[in-house]
Each structure stands twice: as C-alpha cells, then as structure tokens.
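The structure under discussion appears below in the form of structure tokens.
In my numbering, the protein residues as written are 133 to 224.
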C-alpha cells in the first residue's frame with residue numbers, strides 16, 4: 133500500500149520518475165550515498181585539516197600524525213563510494 137501511494141504521489145508530481153522501474157531507485161540511492169558521504173568527508177577534512185595545521189604550527193614533529201587523521205576523515209567518502217558500487221552491482 134505504501135509503495136503504491138508513493139508511486140501515485142510521484143506520478144502526480146513527476147511523471148517520468150514514477151513510471152521508472154526499481155533500477156531508478158537504485159541509481160538514486162547510489163547517488164545519494166556518494167553525495168552525502170562526500171559532503172560529510174569535506175566537512176570532516178575541513179575541521180581536521182584546520183586543527184592539524186594549527187597543531188603543526190606549534191609542534192612541527194607531529195605532521196605525520198596529522199596526515200593520518202586527514203586520511204581517516206577522507207575515508208568517509210571512500211565508504212560512500214563503496215556502498216554505491218555495491219548498490220549498482222545489485223542492479224545489473
């Protein structure tokens with residue numbers, strides 16, 4: 133019932149989207165996965181990068197540790213990309 137109501141609502145608002153099959157939902161979910169993870173990774177890298185540069189300014193010997201933390205923050209985007217690849221692998 134819920135799926136039918138959603139498709140009816142989409143048919144009224146966006147006819148091309150409502151008539152698309154289940155593959156469209158997979159493509160949309162993969163795009164949302166990549167978009168959200170990339171935005172989150174950008175925010176994390178911005179915060180971690182600014183803190184790391186401040187710490188390196190005070191203690192230059194910790195620059196290696198700062199790069200590791202930047203890599204961890206960038207891993208968020210990689211996880212989103214992996215999830216999108218897994219979703220798209222189920223479509224084909």
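The beta carbon of each residue, even a glycine, is placed where N, CA and C say it ideally should be.
In this structure residue 219 is buried. Its beta-carbon is surrounded by 16 or more other beta-carbon atoms within 10 angstroms. Annotation for residue 159: 220 and 223 place their beta carbon closer than 8 Å to its own, counting only its chain and skipping 5 residues before and after. If you draw a straight line from the Cα of residue 134 to the Cα of residue 201, it comes to about 43 Å.
The alpha carbon of residue 203 has as its nearest neighbour, out of 193, 217, 184 and 188, the alpha carbon of 184.
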